[in-house]
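>
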Amino acid sequence: AQKVTQAQTEISVVEKEDVTLDCVYETRDTTYYLFWYKQPPSGELVFLIRRNSFDEQNEISGRYSWNFQKSTSSFNFTITASQVVDSAVYFCALRAEGGYQKVTFGTGTKLQVIP
Amino acid sequence: DTEVTQTPKHLVMGMTNKKSLKCEQHMGHRAMYWYKQKAKKPPELMFVYSYEKLSINESVPSRFSPECPNSSLLNLHLHALQPEDSALYLCASSQAPGTRQDTIYFGEGSWLTVV
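Sequences listed follow chains E and S, in order. Using the numbering used here, read the first sequence as starting at 1 and increasing by one per residue. Using the numbering used here, read the second sequence as starting at 116 and increasing by one per residue.
1. For E:D22 and S:Q210, I'd like the C-alpha separation in whole angstroms.
2. Against chain S, does E:L34 count as a neighbour if the rule is that its beta carbon must be under 8 Å from one of theirs?
3. I want to see whether chain E comes within less than 8 Å of S:E167, judged by CB atoms only; does it?
4. What number of angstroms, rounded off, separates the C-alpha of S:A207 from the C-alpha of S:Y148?
5. Which residues of chain E have a Cβ atom closer than 9 Å to the Cβ of S:V226, listed in chain order?
6. Can you grab the Cα-Cα spacing for the pair E:A96 / S:Y166, in whole Å?
7. Which runs of the beta strand (DSSP E) spanning at least 3 residues fall entirely within the stretch 62 to 93 of chain E, listed in chain order?
8. Whole angstroms is fine: what's the gap from E:P40's alpha carbon to S:I219's?
9. Per DSSP, what kind of secondary structure is S:E139 in: helix, strand or coil?
10. Report the three-state DSSP secondary structure of S:P181 (helix, strand or coil).
11. I'd like to check one pair, S:K153 with S:A62: are the Cβ atoms closer than 8 Å?
12. For the stretch 213 to 225 of chain S, enumerate the residues whose C-beta is nearer than 9 Å to any C-beta of chain E, in chain order.
13. My understanding is that S:L160 touches S:I171, with C-beta atoms under 8 Å, so please give their C-beta distance in whole angstroms.
14. Let me make sure I understand the geometry here. Which of E:E59, E:F47 and E:Q69 has the alpha-carbon closest to that of E:Y90?
15. On the CB-based measure, 16 or more other CB atoms within 10 Å of its CB, does S:G129 come out buried or exposed?
16. Given that E:E59 touches chain S, what residues does it touch there, using C-beta distances under 8 Å?
17. In the DSSP assignment, the beta strand (DSSP E) including S:N172 goes from what residue to what residue?
18. Pick from S:H194, S:S225, S:P157 and S:Q140: whose alpha carbon is nearest that of S:C183?
19. Here's the rule: buried if 16 or more other CB atoms are within 10 angstroms of the residue's CB, otherwise exposed. What is S:L169?
20. Would you mind stating whether E:F75 and E:Y37 have Cβ atoms separated by less than 8 Å?
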């Protein structure tokens, strides 16, 4: 069975602060794929990143960075110098290689950036 | 902008009505999905079409009937719904179902209210 835990239900930060969204996962598969999606109030789920279990390099994209640590089964997401447009619900998700097209989502973290 | 287009954006229907949600993608993806999302919850998988064939039905009630006329189109036919079926319905697609590089891309969703 797979499980994704996002312990932070809601986070509020003041604009320009850095914020880290935590994601912890459980899977018995040796090969798996981790994802982050952003869901603004409009409803669309926007794909942010995919990380393969066999690639432990961290990644940076502009103000976004991701820290993948297999040893602690975590895939944390950091936003640097947060902006109001970052306000959204962020979902971490997991797909096992044998899981065909089934993706397990975490419960989401609602981020509010206050101007 | 999303390349998965859903119509209508908002739908209000009575419990005796028949309506349809429509989804279109022009990315050449070979898998298409329907997800249901209730407020403050993660998306839940309903159906998956892979190469235009229904590959996954997550025990969805028969009042929801999916249809995949071709590789670019996906419909969800709705009949005799209940108020608890009110939710955001997300369509999604992915390029190569079952492969390592497969990533699911979502549309903007259709907000459904059953009265």
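Note that CB positions come from ideal geometry on N, CA and C, so glycine has one too.
The structure says:
1. Taking the first residue of the first sequence as 1, we reach residue 22 of chain E at position 22. Taking the first residue of the second sequence as 1, we reach residue 210 of chain S at position 95. Near 28 Å, if we compare the C-alpha coordinates of S:Q210 and E:D22.
2. Within the first sequence, the letter at position 34 stands for residue 34 of chain E. Closer than 8 Å: no.
3. Here residue 167 of chain S refers to the residue found at position 52 when the second sequence is read from its first residue. No, its Cβ sits nowhere closer than 8 Å to a Cβ of chain E.
4. Reading the second sequence from its first residue, position 92 is the one you call residue 207 of chain S. Reading the second sequence from its first residue, position 33 is the one you call residue 148 of chain S. The alpha-carbon atoms of S:A207 and S:Y148 are separated by roughly 5 Å.
5. Taking the first residue of the second sequence as 1, we reach residue 226 of chain S at position 111. Looking at the sequence itself, residue 226 of chain S is Trp, so the reference to Val does not match. Residues of chain E whose Cβ lies closer than 9 Å to the Cβ of S:W226 are, in chain order, G43.
6. Mapped onto the first sequence, residue 96 of chain E falls at position 96. Mapped onto the second sequence, residue 166 of chain S falls at position 51. A direct Cα-Cα distance of roughly 21 Å separates E:A96 from S:Y166.
7. The qualifying runs are 64 to 69 and 74 to 79.
8. In the first sequence, the residue the question calls residue 40 of chain E occupies position 40. In the second sequence, the residue the question calls residue 219 of chain S occupies position 104. Their Cα atoms are separated by approximately 17 Å.
9. Counting from one through the second sequence, the residue named residue 139 of chain S turns up at place 24. In the structure shown, S:E139 falls within a strand segment according to DSSP collapsed to helix, strand and coil.
10. One-based indexing of the second sequence puts residue 181 of chain S at position 66. Residue state, collapsed to three classes: strand.
11. Shown here, chain S extends from 116 to 230; a query on residue 62 of chain S therefore has no answer.
12. So the list reads G213, R215, Q216, D217, T218, I219, Y220, F221, G222, E223, G224 and S225, given in the order they occur along the chain.
13. As a position in the second sequence, residue 160 of chain S is number 45, starting the count at 1. As a position in the second sequence, residue 171 of chain S is number 56, starting the count at 1. Correct: roughly 7 Å between the Cβ atoms.
14. In the first sequence, the residue the question calls residue 90 of chain E occupies position 90. Residue E:F47 is the option with its Cα nearest to E:Y90.
15. What you label residue 129 of chain S is simply residue 14 of the second sequence in a count that begins at 1. So S:G129 ends up on the exposed side.
16. Residue numbering aside, residue 59 of chain E sits at position 59 when the first sequence is read from its first letter. Per Cβ cutoff of 8 Å: no residues; E:E59 is ~14 Å from chain S at best.
17. Counting from 1 along the second sequence, the entry for residue 172 of chain S is found at position 57. K168 to N172 is the span of the beta strand (DSSP E), which, as asked, contains S:N172.
18. As a working mapping, residue 183 of chain S is identified with position 68 in the second sequence. Taking the Cα of S:C183 as reference, the smallest distance to any Cα among S:H194, S:S225, S:P157 and S:Q140 is reached at S:Q140.
19. The count along the second sequence starts at 1 and reaches residue 169 of chain S at position 54. Residue burial is scored here from C-beta neighbours: S:L169 has fewer than 16 other C-beta atoms within 10 angstroms and is therefore classed as exposed.
20. Locating residue 75 of chain E in the first sequence gives position 75, where the first residue counts as 1. Locating residue 37 of chain E in the first sequence gives position 37, where the first residue counts as 1. Here E:F75 is not near E:Y37, since their CB atoms are 8 Å or more apart.
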